[in-house]
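Numbering (UniProt numbering), first residue to last: 1 to 999.
C-beta atoms are modelled at their ideal positions from N, C-alpha and C, and glycine is treated no differently.
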Amino acid sequence: MLPLQNNEIRLLVLGRDTCDAEYSLMHVLLDSPPSFYALSYAWVDEHLFSPTEISQNHYIRIDSRDVLIGRNLSAALASWRRHTFKNVPLWVDSVCIDQENITERNEQILRMYSIYEKATLVTIWLGPELHNSSLALNFMSTFTHEAQDLDWVRRTIRDHTFSSDYKAVDHLLRRSWWKRVWVIQEMVAAREILFICGQKIVESEVVVRFFKTLIATHATYAPLLRREESIVFNGDSITLGNTFLRSNAWEKPALLETLYITGKSLASDNRDKIYAVLGLAHDASRLVDAPNYSWDVTEVYKRVAVSFFREYHSLEFLSLAGLPVFPRRAASSLPSWVPDWAHRKESTLNSTIRSATPTNASRGQTAQGRVSTDLEILTAKGVCVDIIDGLAYSVWGSKNQMENFELQQAQSHNIPYKSKQDTIEAIGRTLVANSYLGDVDVLSIFLQKCHESTRRKTEGIDASTIPTSTALFNEWYEYNRNLHIVGMSLEELVEGVVYPNSGSKVTEIEREKYAHKVSTRGPNRRFMTTEKGYPIDTLTPTISKVMATGNESPFSEFKGDGVDVYVHEVADELHHQKPLNAQAKLESVKDTWTTTSTAAITLPSNFQIHSVDSKLNGASQSLAATAPPLGVLTNFTGTFTGTGFNLIFRPNSGPPTTTTFPNPITPPAPNPPSENVLELNLTSETLAFSNPIGSVPNRGLENQNDIFLNGVPYLQTISDVTNIQTGKADGPANPIHFEPGLWMHIPSTKNDPNLGESLARMASIPHGTTINAQCLAPTTSFAGPPNIPAVSMAPFLIGGNPANPISPPFISLTASNTSTPRLPQDLTKFIAEGTITQAILTDPNTVLRNDNVGRTITKTIVFTVSTNPISPEAGGGTANIDFLQGTASAGGPNANAAQMSATFWIETVQYHIVVPAYKPGQTPLKISPALPHPGARVPVFSVNPPHEITTPKTIVVTSTQIQYSQLVFLNFAGLTWPHVSVATLVPSAPQTVPASAFN
């Protein structure tokens, strides 16, 4: 195939002689294509073709060469050639994308949503005429029209009036197209859809109305159809069609929710469970840069989970990892904390992913933890809420010969609820995780079902005469009558409650619906009790602790060894627990790293420095009883994360620690080799601020009064995320910088020295340098974005002027040179991605300006701190360990940090976010604004509208952004070598939107 250029795609065009299936491929620009149709189909359909038929080779002729295609596509194109629109150019993925060209395949997959969106028509090929498929399509209209009358449904099923029709529909819904993950974005993106099956053409609206009617009448037709015709329609097919075929039904949720919603679809390549839905999620580009089929499925799934954790500081994905939601495949080598996205089995309890469950556990806390460099170990902080004490008998575990399915009695007699009625209601709701119950009287239903079970046993009623779900509930109750809960048996609890309204509030349908929920959740979960007396619903008897992870997990949902747990009404208790660190790993815990706060340096809650004068001299109050002002440092609160760039000329030693390079250095260096190496790092950064430290007394002498400082401790951590394979900042995180320090605000003084208010930054760097940098000039504040000046990386003579650099320039600062002492040495991929360019090497502050493209910055505060701000009398400076300082006689110094200056821009950034329909009382929404440009970091906003939102509403919100450019002068080999670090940082925690934003 001819390679594609820029934004081109290929279209398949049928030649004039349609009998011989002669085609050609035409190249068009996706931005302005001619009218074309796109084909949606299943590559393989075992329901339609035998293994022999599938294995047979089928060819079409394209541009005078034979091209191998699949059996189903061959049938689709044969049908296409018989329709009136046969001459319209057609986009077909398997022939319009060069499947052998991995690079092209990766690029084209990202365009597939746009391709289907640009297509004039999307034609869905369900397969050839088979199993009375035309009869099935005709019956859709009949059923939609007649099923409004439920008596018609009952009568015709009992009379077997449409037996052949129902069987035909059953076969049609079992075809592979309904199950494939790729077809989802094809439906969502399409402007207009036609279904084609054999020669039968049906408009999508016919199918949509049919599925809508099926769902509305499910309680009526489903049990009758199962009993009379032994037919159970494929629920996943119906859900898929009803969810994605409806016009404008999809509003691009977050990737995690998208993966959950599409989880029951299938893919022949399990990597496509991620790649096929990238066009459906609003935050996909922030979490997955591009498809990469050079990675195996384990690597792809791990990277998605890690990206989500680092982007949102959330562990929401843990509720999807393993049974019952995304059960792990037997051959999977994934860490236990990473969801196996291959196929979803059951629903999650997590309301931030599945809105049907009214849960919200952590009240907006962000997760604290880290992932190991090999992406195998997740270390996170949690809260120990309770300990499991008793296990109910597992009916399903017994049937499946599971270990430890027997009843194990609790020892605790603790009673967490106010009454027996409250306890029984908690048990009833826990059995179904309180899902989809609404205002149903669960207490009445549970009591009735238990009494009914006793009556059926006493009267010897044949279990085969009652619905399967009721029989399963009866069996569960029979085995667990003697389960101890709050110091008495379950049967004693049930028989000891007299509920006067029992039987009068609920219908038979509600009772059966409840029993159905118990029967569907039961096979994958286990009822348990805890030391505090709570009934809980989870997966496995090996759990020993109920843990709440510090994230956005549901209000009554907790994590135990990587599974989700439902506990009814323990929210207030949760938030008074002490932190507990936990790890998730395939086998054993290998890392003992812990963290105690999202802040940089955790201070005791009552820790505030102040003068002890009043304590020691008996005075009523010290001179500075309240904390002094922080000035501009009030903006340094919470944790900020983001990306940046680091450039450093570092010394290069002789053997055995000489730095080596992939390509030979040209011209070759003498022995020892070149005295310097230019290291470039694409970086990921966290800058965390603690609470202010209070009133720090500094005593003046004679005419100089005492002054009182206040400040903010901070912790800066930076990791290299350079990926030489992709040219992007998506590589494994390798920590390269750790800096604890203090920002201090210093009030003005009138003499010795006579200075206005100032700032100081005091920090320690693990290489052996400490800094004391000051800002003696006043900070500047102005409306609008910053004007960020250039900064140079050009070395100059020690003691010389930076404006007079060494000439000629160092070749390592030439981006296109691939044989220079630089790491990475070959920047070709980085240049192509725009991550490291010549402009950036010449002026690293280009990174900051680029990151502000597309952002609306309404206010900027700027200040500069320096270890040498004005004159030696002004204080400040750097101190280095002996190794760095070196001695002149031995050829030193060895990268002595002689001076540091850093400019900070504190910016107010304005965003627009779209708030969907919302009713007060719902869980606050977490909404991200649109990215100002690809790869940009933006904050997440916590939105709790003060009134009902009936239609999507766009509001204006603001957030703080920190940018900095730091320049360090390192002295070695007779020269001063610039070391520049830049970054753009945004708040990591969700930013609360004020009610005034909705005015």
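Q. In or out: residue 773 buried (at least 16 other Cβ within 10 Å) or exposed?
A. If you number the sequence shown from 1, residue 773 lands on position 773. Buried, since its Cβ has 16 or more Cβ neighbours within 10 Å.
Q. Going along the chain, which unbroken runs of the alpha helix (DSSP H) with 4 or more residues stay wholly within the segment 877 to 959?
A. Counting only runs of 4 or more residues that sit fully inside the segment 877 to 959, the alpha helix (DSSP H) segments are 882 to 885, in chain order.
Q | N- and C-terminal bounds of the alpha helix (DSSP H) containing residue 169 | A | Counting from 1 along the sequence shown, the entry for residue 169 is found at position 169. Per DSSP, residue 169 belongs to the alpha helix (DSSP H) from 163 to 173.
Q.
I'd like to know whether the C-beta atoms of residue 744 and residue 709 end up nearer to each other than 8 Å.
A. As a working note, residue 744 is residue 744 in the sequence shown. As a working note, residue 709 is residue 709 in the sequence shown. In this structure, residue 709 lies closer than 8 Å to residue 744 by Cβ.
Q) When you compare only the Cα positions, how much space is there between residue 376 and residue 93? A) For the purposes of this step, residue 376 is taken as residue 376 along the sequence shown, with counting starting at 1. For the purposes of this step, residue 93 is taken as residue 93 along the sequence shown, with counting starting at 1. Spanning the two alpha carbons is a distance of roughly 35 Å.
**Q.** Sequence ranges, alpha helix (DSSP H) only - wholly within the segment 421 to 495, length at least 4
**A.** As far as the segment 421 to 495 is concerned, its whole alpha helix (DSSP H) runs of at least 4 residues are 442 to 459, 468 to 479, 490 to 495.
**Q.** Cβ pair residue 96, residue 184 closer than 8 Å
**A.** Against the sequence shown, residue 96 aligns to sequence position 96. Against the sequence shown, residue 184 aligns to sequence position 184. No, these two residues do not count as a Cβ contact at 8 Å.
Q) For the candidate residues 534, 767, 919, whose alpha-carbon lies nearest to that of residue 385? A) Here residue 385 refers to the residue found at position 385 when the sequence shown is read from its first residue. Comparing Cα positions, the closest option is 534.
Q | Supposed close pair residue 519, residue 469 - CB separation, criterion 8 Å | A | One-based indexing of the sequence shown puts residue 519 at position 519. One-based indexing of the sequence shown puts residue 469 at position 469. Yes, they are in contact, since the Cβ atoms of residue 519 and residue 469 sit about 4 Å apart, within 8 Å.
Q. DSSP three-state call for residue 203: helix, strand or coil?
A. Here residue 203 is taken as the residue at index 203 of the sequence shown, counted from 1. Reduced to three states, the DSSP call for residue 203 is strand.
Q: Below 8 Å on the Cβ atoms is my guess for residue 319 versus residue 348; work out the distance and round it to an integer in Å.
A: The count along the sequence shown starts at 1 and reaches residue 319 at position 319. The count along the sequence shown starts at 1 and reaches residue 348 at position 348. At roughly 5 Å, the Cβ-Cβ gap stays under 8 Å, so residue 319 and residue 348 are in contact.
Q. Does DSSP put residue 773 in a helix, in a strand, or in coil?
A. Reading the sequence shown from its first residue, position 773 is the one you call residue 773. Strand at residue 773.
Q. Does the beta-carbon of residue 388 have 16 or more other beta-carbons within 10 angstroms, so that it is buried, or is it exposed?
A. Counting from 1 along the sequence shown, the entry for residue 388 is found at position 388. So residue 388 counts as buried.
Q | Nearest-angstrom Cα separation, counted from residue 721 out to residue 896 | A | Residue 896 sits at position 896 when you count from the first residue of the sequence shown. Residue 721 sits at position 721 when you count from the first residue of the sequence shown. Going by the C-alpha atoms only, they are around 26 Å apart.
Q: Identify which residue in 50, 695, 983 has its Cα closest to the Cα of residue 682.
A: The residue you call residue 682 lines up with position 682 of the sequence shown. Checked all of 50, 695, 983; the closest Cα to residue 682 is 983.
Q.
Shorter than 7 Å, the distance from the beta carbon of residue 33 to the closest heavy atom of the ligand NAD, or not?
A. Among the components of this structure there are no ligands whatsoever, and the ligand NAD is therefore not found.
Q.
For residue 321, list the residues DSSP reports as bridge partners.
A. On the sequence shown, residue 321 is found 321 positions in, with the first residue counted as 1. DSSP, once it has assigned bridges, lists 326 as partnering residue 321.
Q. Got a sec? Which residues, its chain only, sit under 7 Å from residue 996 by beta carbon, not counting five neighbours each side?
A. The residue given as residue 996 occupies position 996 in the sequence shown. The answer is none, since no qualifying residue turns up.
Q.
What would DSSP say about residue 558, mapped onto helix, strand or coil?
A. In the sequence shown, the residue the question calls residue 558 occupies position 558. Only weak support is given to the placement of residue 558: the predicted model assigns it a pLDDT of 33, under 50, and the value that follows is read from those uncertain coordinates. In the structure shown, residue 558 sits in a strand (DSSP, three-state: E or B).
Q) Near residue 927, what residues of its chain come up, given a Cβ to Cβ distance below 6 Å and the 5 sequence neighbours on each side ignored? A) For this step, residue 927 is matched to residue 927 along the sequence shown. Excluding sequence neighbours, residue 927 sits near 913, 941, 943.
**Q.** Buried versus exposed call for residue 329 [16 or more other C-beta atoms within 10 Å across all chains shown]
**A.** Within the sequence shown, the letter at position 329 stands for residue 329. Under this definition residue 329 is an exposed residue.
(Q) To the nearest angstrom, how far is the alpha carbon of residue 128 from that of residue 945? (A) Position 128 of the sequence shown, counting from 1, holds the residue named residue 128. Position 945 of the sequence shown, counting from 1, holds the residue named residue 945. Rounded to whole angstroms, residue 128 to residue 945 spans 51 Å at the Cα level.
Q.
Tell me the DSSP secondary structure of residue 988 in three-state form.
A. Numbered from its first residue, the sequence shown carries residue 988 at position 988. Residue 988: coil per DSSP, three-state reduction.
Q) Do residue 910 and residue 956 have their C-beta atoms closer together than 8 Å? A) Numbered from 1 along the sequence shown, position 910 holds the residue referred to as residue 910. Numbered from 1 along the sequence shown, position 956 holds the residue referred to as residue 956. Yes, the Cβ-Cβ distance between residue 910 and residue 956 is below 8 Å.
**Q.** the segment 50 to 64 in contact with the segment 153 to 166 per 3-pair CB rule at 8 Å
**A.** Judged by Cβ distances under 8 Å, the segment 50 to 64 makes no contact with the segment 153 to 166, as fewer than three pairs qualify.
Q: Measure the C-alpha to C-alpha separation of residue 13 and residue 922 and round it to an integer number of angstroms.
A: If you number the sequence shown from 1, residue 13 lands on position 13. If you number the sequence shown from 1, residue 922 lands on position 922. Cα to Cα, the separation comes out at about 52 Å.
Q: Determine the direct distance from the alpha carbon of residue 308 to that of residue 988, and round the result to whole angstroms.
A: If you number the sequence shown from 1, residue 988 lands on position 988. If you number the sequence shown from 1, residue 308 lands on position 308. Taking the straight line joining both Cα atoms gives about 12 Å.
Q. Do three or more CB pairs link the segment 405 to 414 to the segment 474 to 492 at distances below 8 Å?
A. The segment 405 to 414 makes contact with the segment 474 to 492, as at least three CB pairs between them are under 8 Å.
Q: Indicate whether residue 472 and residue 687 have their beta-carbon atoms separated by less than 8 Å.
A: In the sequence shown, the residue the question calls residue 472 occupies position 472. In the sequence shown, the residue the question calls residue 687 occupies position 687. Their beta carbons are not under 8 Å apart, which means residue 472 does not touch residue 687 by this criterion.
Q. Going by DSSP, what residues sit across from residue 719 in a beta bridge?
A. Residue numbering aside, residue 719 sits at position 719 when the sequence shown is read from its first letter. In DSSP, residue 719 forms a bridge with 684, 735.
Q: Mark residue 245 as exposed unless 16 or more other C-beta atoms lie within 10 angstroms of its C-beta, in which case mark it buried.
A: Start at 1 with the first residue of the sequence shown, and residue 245 comes out as number 245. Burial call: buried.
**Q.** Cβ-based burial, residue 256 [other Cβ within 10 Å; buried from 16]
**A.** Within the sequence shown, numbered from 1, the residue matching residue 256 stands at position 256. Classification for residue 256: buried.
Q: Output the residue ranges of the alpha helix (DSSP H) runs that lie fully inside the UniProt domain "Heterokaryon incompatibility" (36 to 186) and measure 4 residues or longer, sorted by chain position.
A: 51 to 55, 71 to 80, 93 to 96, 102 to 118, 133 to 146, 150 to 158, 163 to 173
Q. What do you get for residue 65, buried or exposed, if any count of 16 or more other CB atoms within 10 angstroms of its CB means buried?
A. As a first step, residue 65 is located in the sequence shown; it is residue number 65 there, counting from the start. With fewer than 16 other beta carbons inside 10 angstroms of its own, residue 65 counts as exposed.
**Q.** CB-CB length for residue 780 against residue 847, believed under 8 Å
**A.** Looking up residue 780 in the sequence shown gives position 780. Looking up residue 847 in the sequence shown gives position 847. Rounded, the Cβ-Cβ distance is 22 Å, inconsistent with contact.
Q. Around the Cβ of residue 676, are there at least 16 other Cβ atoms within 10 angstroms (buried) or fewer (exposed)?
A. As a first step, residue 676 is located in the sequence shown; it is residue number 676 there, counting from the start. With 16 or more Cβ atoms within 10 Å of its Cβ, residue 676 is classed as buried.
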